[in-house]
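2 protein chains.
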Amino acid sequence: MRRSIATVSLSGSLADKLTAIGAAGFDGVEIFENDLVSSDMAPEDVRRRAADLGLAIELYQPFRDFEAVPPDRLAASLRRAEHKFAVMERLGATRLLVCSNVSPAAVDDDELAAEQLRLLAERAAEHGIRVAYEALAWGRHVNDVMHAWRIVRAADHPALGLCLDSFHILARDADPYPVETIPGEKIFFLQLADAPSLPMDVLYWSRHYRCFPGQGDLDVAGLVRHVLRTGYAGPLSLEVFNDIFRQAAAMRTARDAMRSLIALEERVGSPAAPAGSAVPPRPVVPSGFAFAELAVPEKAEVSGVLGALGFVRTGTHRGKPVELWEQGEARVLLNSGAPDGADGPVLNAIGLETPDPAASVKRAEALLSPVLPRLRDPDDAPLDAVAAPDGTELFFCRTARPDHLSWTADFSKNRRDAASAVSAAGAAGEITHIDHIALTQPWHHLDEASLFYRSVLGLRPHESLELPDPYGLLRSRAMSTEDGRVRMALNVAYVGAHDGGPDVGWQHVALASRDIAATARRIRAAGHEPLAVPGNYYDDLESRHDLGAERHRLLRELGLLYDRDEHGEFLHFYTVTTGRVFFEVVQRVGGYRGYGAVNAPVRLAAQHARPSRPG
Amino acid sequence: MRRSIATVSLSGSLADKLTAIGAAGFDGVEIFENDLVSSDMAPEDVRRRAADLGLAIELYQPFRDFEAVPPDRLAASLRRAEHKFAVMERLGATRLLVCSNVSPAAVDDDELAAEQLRLLAERAAEHGIRVAYEALAWGRHVNDVMHAWRIVRAADHPALGLCLDSFHILARDADPYPVETIPGEKIFFLQLADAPSLPMDVLYWSRHYRCFPGQGDLDVAGLVRHVLRTGYAGPLSLEVFNDIFRQAAAMRTARDAMRSLIALEERVGSPAAPAGSAVPPRPVVPSGFAFAELAVPEKAEVSGVLGALGFVRTGTHRGKPVELWEQGEARVLLNSGAPDGADGPVLNAIGLETPDPAASVKRAEALLSPVLPRLRDPDDAPLDAVAAPDGTELFFCRTARPDHLSWTADFSKNRRDAASAVSAAGAAGEITHIDHIALTQPWHHLDEASLFYRSVLGLRPHESLELPDPYGLLRSRAMSTEDGRVRMALNVAYVGAHDGGPDVGWQHVALASRDIAATARRIRAAGHEPLAVPGNYYDDLESRHDLGAERHRLLRELGLLYDRDEHGEFLHFYTVTTGRVFFEVVQRVGGYRGYGAVNAPVRLAAQHARPSRPG
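If you read the sequences in order, they're chains G and S.
Residue numbers are given in our numbering: position 568 of the first sequence equals residue 582, and the series is strictly consecutive.
Residue numbers are given in our numbering: position 74 of the second sequence equals residue 88, and the series is strictly consecutive.
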C-alpha cells in the first residue's frame, strides 16, 4: 500500500517537512493547509519539490465548516472553496478533505448537508478534484463515520466520498465493524493515528496527544483490517497532532512514523495486506538478558559494589579494557575504554539472548534501526548489534550454546578461575539473573522508544505509570516478553526544571536474588550500605500490611522495601548511585508481576538525599 | 486569618519544604503523608523543625478509603487509623483529613458511613485528635460537600467535622451557596486551590493542573466568602497538585503561594475578612506605557529600525549610556550600559504611567515583589521600580506631569532638538503610543507572572491561547487594564526541544500607528524590509474575507497582516528580530480587542525562516 503522512505530524518549515518525509521513504504526503499558508514556498514550488522527492500529494486538508449551513451562507463558503480549488490546481492536488461542520451556525439537517456537499462535489469535479468528507469526533451534528456515509450516499456524486480517520472512529468507542459495509471505492482516504488512553475531552485529546499507531492504546490495526475488507486501495496516511512531536527533529519523527507504518502493516497481516507491502521478518523474541555493559572510569568503584553483591570477576576481554563479572546467569561488563564512562558508570549496552542473533538484527534493520558496525578482531565472536532510540546498544547473543560462537569466548579466564570454564562458580550464588533493566529516556523520545521495543523485540507494553519525584514526576512504562524473561522499564523524568535542579538521567539494573535477606546481609558485611530507607516508611508499611512482628522487624533491619499484588509478593533494595547507574536487588515471591512502583517515591527521595558518587 | 499550605504544593524534601514555607511567612502547614513517609526526618524532628519555624501543624493528610466499608474490613481500617494516630501524636498534629472513599469496595449507605465515621471520631478523640471529612469530587458515593455534611451531621460526634476544599466544590460546578448553612464550628478545615478551565476528567485535572487562587478560572474568593459567613475561623490553607510547581524551586513557589493568599484575602474583602488580615494598599492601575527600555550593544542596529519607523532620538541620559527615542507618546530607551544587551537587544525594563508611583511600589511590595534599589545621582528624578517574576524591571512613572519630577528630566536634550522641550516634535507622528508589550516567560513561571500582573497592577487576564509554532506550541495569555491602555501578553514557548532546536525567548514591543500604511511605506523607504509575509497568506486571506480587490492588493503590497472581530479590524506588521527583540506596528480600527493571534503562526514561521540579526 502507498504510505503517506500529513505535514502537520512533523516539526519545521514546510520545506523541512517535505525533505524529512522524502528521506524516510514515504510515497505521499497530505499538505496541511496551515503549513502551506505560513510557507514562503509557492504552491508550484511545493509541487515541484514533492515530485523531486518522489512524493505524491495525496490530500489537501482541511476544508472546514462547509456543509449544512443556512442558505445565505452558502455563497461565501463556495467562494472560499473556489479559492482552495485554485490553490490545489497549483499544487497538483486532486483530493480535498472536508471535515464535518463544528460551527454553531450548522443546521441539523442531513438532506441539506447532502445537497450542499453535492454542490461542492460538482464544483470540485470541474477542477478534477474529489471531495473526501470526514466525520470529526466533535462535529456539531455529524460525528460518526456511518452518519457521514449516509449523507455521502444521499448526495450520490462520483466526486464525493469519505475520509476515514482511525482516531475519530476509535476515540468515540464506536464499533468499527459497520465500516465494512461501505463500498471501498467510496472511501477516498484513510488517515491513521493512535492515542494513549487519557480521561479528557476528545478534542483536547486529539489536539495534543495523538501518536503513531502502535504507540497508544487504540486498535488501529483492527480498524485498518475492516477498511481493507471494503476493497479500499488508497494510501495509509498518518495524521498526528502531538505536543512532543511538534518539538522533535523532523527527520527523526519521520523515521519513527515509517517504523510505525511498517509494524502496522505487519499487524494488519495477510490476506488483507495487499501485495507490495514488504512485511519484515517476524520478531525474534529474546529469551533473557545476556549481560548489561557499563561504561566506567578506570578503577571504578562499581566493581566494589559488584563484589559486595557477590559477583566475581570471571574474565577480561582479550582486546579491550572490559571486565566480565558474573553471578548465576547475571553478567555485568565493566568497560573502562568507552569515553562515556569517564564521569562515572553509564549503562551503554544490553546483551539479549535470542535464538537467532542474525535474524534479530535483520528484523531491527527492517524496522529502520541503525545496525552498529563492530570493529572486531577477526578472531572475536560475531557481534550482532543495533542502536535503540536513546543510543543504548543492543547486542543479540547466544551465550555458551553449541550452535553459535559465544561472546564469552572473547574473554580470557582470570587466573583465579583458571580451573573452571568461564563461569560464575566462585560467586555467591543468591543472585540468579537480571530481572529487569530500567532506562531513563529523553522526554521527547518515549513514544519512539516504546514502539521500538514493541515492534523490534516483540515486547508487550504494560500500563503507563506516574511516579511522584520530590522534584517532579516520572512517567514509567514497563515492557516485557510474554514469559517475563526480558523486562524493561522506560522512564521519563519531568524533574527539576529550575536552575540548580537535580539531573536524574538514572539507569538501573535489577538483579533477581533467590534470597534477598542473604544478599542484603552480604552487601552490608562487605561495607556497602544500601540506599537508606526511612523509618517512616516502615511505620506506614505496618499500618497498611499486617505481616507479623517478626517479618516487619526483618524488613526494617535489612532496609528492604515491600509490595504485593494478587499474584505474590515483592522484596527489593537499592545500591547507592554511582555515575548514572545503580543496582536494584529484587526477590519475586509467587507470581508478583509488578516492579514495586508504589515504593518508587521513597526510593527517589532517598536518592535525591544522597547524591550520586563519582566513581 | 491563619495562612497555611500543604507540603505537597512544593518541590523538594520535607525539610526543604518546611524551610521554604517558613521563609514565606506562613503560620501553618499541612503535612502530606507521602512527604513524611519518604522523609528521613522522624515525626519528632518534623514537629521540632516546624516549631522552630513558627509553623503550626494544622493537618495530617490524607487518610483514605475509610468510611462505608463492609463490616469485615472495618477492623483493618481502624488498625490503620491507630497507626496514624500514633504518628500524629509524635508530630503534634491534632487534625486528620479523611477523604471520601473511592474504593470499589465502598458501600452506598450513608447510615453505615456515619456509624463508621463516628467510631473513628471516638477513637480519634481518645488521642485528642479531630477528624475532618472531605468529599472528593471523584468519591465513589460521596462527592458533594452537602452530602458529606449530611453524613457528619448524622454521625453527630464533636470530634467529627468537615474539610472543605474549593477545588472539589467548584470543579463540579456545584452551587457553593448552601455551604453557608453549615455551622462554622463543624467546618474543621478549609483547603484552597484554583485551576484553569480544561476539558478533562476531574481527577486527572486535579492531579496535574491545580494552581494557586487567582491563577486559574475558579471563583475561589466567592467560595471563601460563603465559608466565612458560617463563622469558620480556621486557617486558609493552600493545597495544590501541579506538574509545574512540582519541578519549580520551593522558595519561589512558596512566595508565589503567599502572594496568592494575600491577594485572595483582599478579594474576599471586608467585612468577611476577619481582623488580623493585613490587606495591602489598593492597586494603582497604570494608565499607559511610559517607555520600553532595551539593553543593547554599542552601535545598536535597532536604532536604525527606530529611525526607519519614524522615531527620533530626543535625548541622552545625563549619567548613563542611555538614549531616549520618541514618537508621539511612544518612547524607547536604548541602554548600551547593561551587560544583558551585549549579544543584541533584550527588553529589560518597562515604564508604566501611574497616578502615584510611590503607592504603586508599596502595593507591589505588599505583594512580595522585590523592590529595586536604584543607584542614582542625587539630582536624578526618583525611580520607583520593582522586579517582575521574569526579572523585567517595572518602573512606575509620571511623565511630564507638574505634580511629580519626571524621569525625562534625567535626559539632556539633543542638540537638534534643543529648541523644543524633551518631545517628539521631530518624529514622523503616525505612531502614537505603545499598544502592548509581549514577554516570553520561562515555562515554569507563567502562573506566577500572571498572578503578579493581575494582583500587583490590577490587570485583567484574557483567555489563554495556544498558538502553533513550526517547532512547537506557544501558550499566550494577554492581560490588560479595563480601558485597554496597558496591555501585556505573556507567552510561554514549548518549542524546539531537540538538539539544534531554535531558541525563542522573544520579546516584542507593539507600537500603535494611526496610519499603518504610511508607517509600512516609511520603513521600506528607509531601506528596512519588514518581516516578509508569504503570498500564500494573502491567497488564504482572500478566501476567508472579501475586502475588495483594492484592499487585498494594498495588504499584499505592504505586507500587512489582517484580522477582525465583532468590534473592529486589526492591521499589523513586524520588524525583523534583532537579539531577542522585534517591533510590531499595529492599527486598531473600531473597537478590535484582540492581538491578531490568528496570524501568529505565519509570523512565527517567518521569524524561524529569518533568524535574528545580531545587532
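In this text, a Cβ means the ideal position worked out from N, Cα and C, and glycines have one as well.
Helix or strand or just coil, what does DSSP make of residue i?
{"i": "G/Gly236", "result": "helix"}
{"i": "S/His586", "result": "strand"}
{"i": "S/Arg536", "result": "helix"}
{"i": "S/Gly26", "result": "coil"}
{"i": "S/Ala309", "result": "strand"}
{"i": "G/Thr195", "result": "helix"}
{"i": "G/Thr33", "result": "helix"}
{"i": "G/Arg501", "result": "strand"}
{"i": "G/Ile530", "result": "helix"}
{"i": "S/Asp86", "result": "helix"}
{"i": "G/Ser478", "result": "strand"}
{"i": "G/Met493", "result": "strand"}
Mind checking who residue i pairs with in its DSSP beta bridge?
{"i": "S/Lys427", "result": "S/Gly329"}
{"i": "S/Phe466", "result": "Paired residue(s): none; S/Phe466 is not in a bridge."}
{"i": "G/Met102", "result": "According to DSSP, which records beta bridges pairwise, G/Met102 is partnered with nothing at all."}
{"i": "G/Ile448", "result": "G/Leu525"}
{"i": "S/Arg578", "result": "S/Glu583"}
{"i": "S/Glu44", "result": "S/Ala20 and S/Leu73"}
{"i": "S/Val599", "result": "S/Leu525 and S/Phe587"}
{"i": "G/Gly175", "result": "G/Ala146"}
Am I right that residue i and residue j are in contact with their C-beta atoms under 8 Å? What's the rounded C-beta distance?
{"i": "S/Val43", "j": "S/Leu32", "result": "7 Å"}
{"i": "S/Tyr485", "j": "G/Gln261", "result": "6 Å"}
{"i": "G/Arg501", "j": "G/Leu460", "result": "With 8 Å as the limit, G/Arg501 and G/Leu460 do not qualify as a contact, their Cβ atoms being about 17 Å apart."}
{"i": "G/Val315", "j": "G/His447", "result": "Checking the displayed sequence, the identity of residue 315 of chain G turns out to be Glu instead of Val. Going by Cβ atoms, the distance from G/Glu315 to G/His447 rounds to 24 Å, so no, they are not a contact pair."}
{"i": "S/Leu481", "j": "S/Ala378", "result": "The Cβ separation is near 30 Å, so there is no contact."}
{"i": "S/Asp54", "j": "G/Ala188", "result": "Not a contact, Cβ separation roughly 52 Å."}
{"i": "G/Gly302", "j": "G/Glu407", "result": "Between G/Glu407 and G/Gly302 the Cβ distance is about 18 Å, and since that is not below 8 Å, they are no contact."}
{"i": "G/Val116", "j": "G/Trp152", "result": "6 Å"}
{"i": "S/Ala620", "j": "S/Leu545", "result": "5 Å"}
{"i": "S/Val241", "j": "S/Ile276", "result": "18 Å between Cβ atoms; not a contact."}
On a Cα-Cα basis, can you pick out the residue from the options that is closest to residue i?
{"i": "G/Ala20", "options": "G/Asp66, G/Ala70, G/Glu58 and G/Ala65", "result": "G/Ala70"}
{"i": "G/Ser383", "options": "G/Ser52, G/Leu366, G/Ala563 and G/Pro403", "result": "G/Pro403"}
{"i": "G/Asn613", "options": "G/Ala526, G/Arg93 and G/Phe587", "result": "G/Phe587"}
{"i": "S/Ile196", "options": "S/Arg186, S/Arg578, S/His161 and S/Leu487", "result": "S/His161"}
{"i": "G/Leu555", "options": "S/Trp339, S/Ser317, S/Arg617 and S/Arg93", "result": "S/Arg93"}
{"i": "G/Ala600", "options": "G/Asp529, G/Gly562, G/Asp553 and G/Ala363", "result": "Here residue 600 of chain G turns out to be Val, not Ala, going by the sequence shown. Among G/Asp529, G/Gly562, G/Asp553 and G/Ala363, the Cα nearest to that of G/Val600 belongs to G/Asp529."}
{"i": "S/Leu569", "options": "S/His581, S/His542, S/Arg535 and S/Thr589", "result": "S/Arg535"}
{"i": "G/Gly236", "options": "G/Ala207, G/Pro190 and G/Glu462", "result": "G/Pro190"}
{"i": "S/Arg468", "options": "S/Gly324, S/Leu381 and S/Gly443", "result": "S/Leu381"}
{"i": "G/Phe181", "options": "G/Pro359, G/Arg167, G/Trp219 and G/Ala146", "result": "G/Trp219"}
{"i": "G/Asp553", "options": "S/Ser23, S/Ala56 and S/Phe466", "result": "S/Ala56"}
{"i": "G/Glu656", "options": "G/His171, G/Ala90, G/Glu279 and G/Val603", "result": "The requested residue 656 of chain G does not occur in the structure, where chain G is confined to residues 15 to 629."}
{"i": "S/Met15", "options": "S/Asp179, S/Val282 and S/Pro192", "result": "S/Val282"}
{"i": "G/Ser91", "options": "G/Ala120, G/Phe425 and G/Tyr74", "result": "G/Ala120"}
{"i": "G/Ser274", "options": "G/Ala304, G/Ala207 and G/Leu24", "result": "G/Ala207"}
{"i": "G/Gln341", "options": "G/Glu72, G/Ala304 and G/Ala264", "result": "G/Ala304"}
{"i": "S/Lys313", "options": "S/Asp417, S/Arg491, S/Gly355 and S/Asp123", "result": "S/Gly355"}
{"i": "G/Ser478", "options": "G/Phe46, G/Ala503, G/Pro297 and G/Gly443", "result": "G/Ala503"}
{"i": "G/Ser8", "options": "G/Pro297, G/Leu111 and G/Glu598", "result": "Examination of residue 8 of chain G is not possible in this model, given that chain G is present from 15 through 629 alone."}
Considering only heavy atoms of the ligand ADP, does any lie closer than 7 Å to the CB of residue i?
{"i": "S/Asn48", "result": "Among the components of this structure there are no ligands whatsoever, and the ligand ADP is therefore not found."}
Practice problem: Check each residue of the stretch 468-486 of chain S: if its Cβ is closer than 9 Å to any Cβ of chain G, include it; give the result in chain order. | Solution: Cβ contacts with chain G: Glu480, Pro482, Asp483, Pro484, Tyr485 and Gly486.
Practice problem: Could you name the residues of the stretch 238-264 of chain G whose beta carbon sits closer than 7 Å to any beta carbon of chain S, in the order they occur along the chain? | Solution: Here the close residues are Asp257, Arg260, Gln261, Ala262 and Ala263.
Quiz prompt | Residues within the stretch 609-625 of chain S neighbouring chain G, beta-carbon criterion of under 8 Å | solution = Listed by position along the chain: Pro615, Val616, Leu618, Ala619, Ala620, His622 and Ala623.
Practice problem: Could you name the residues of the stretch 124-149 of chain S whose beta carbon sits closer than 7 Å to any beta carbon of chain G, in the order they occur along the chain? | Solution: Residues: none.
Quiz prompt | Residues in the stretch 548-568 of chain S having any Cβ partner in chain G nearer than 8 Å | solution = For the stretch 548-568 of chain S, the set of residues with a beta-carbon nearer than 8 Å to any beta-carbon of chain G comprises Pro548, Gly549, Asn550, Tyr551, Asp553, Asp554, Glu556, Ser557, Arg558 and Asp560, in chain order.
Quiz item: Taking a cut of 7 Å between CB atoms, which residues from the stretch 304-332 of chain G lie near chain S?
Solution: Closer than 7 Å at the C-beta level to chain S, one finds no residue of the stretch 304-332 of chain G.
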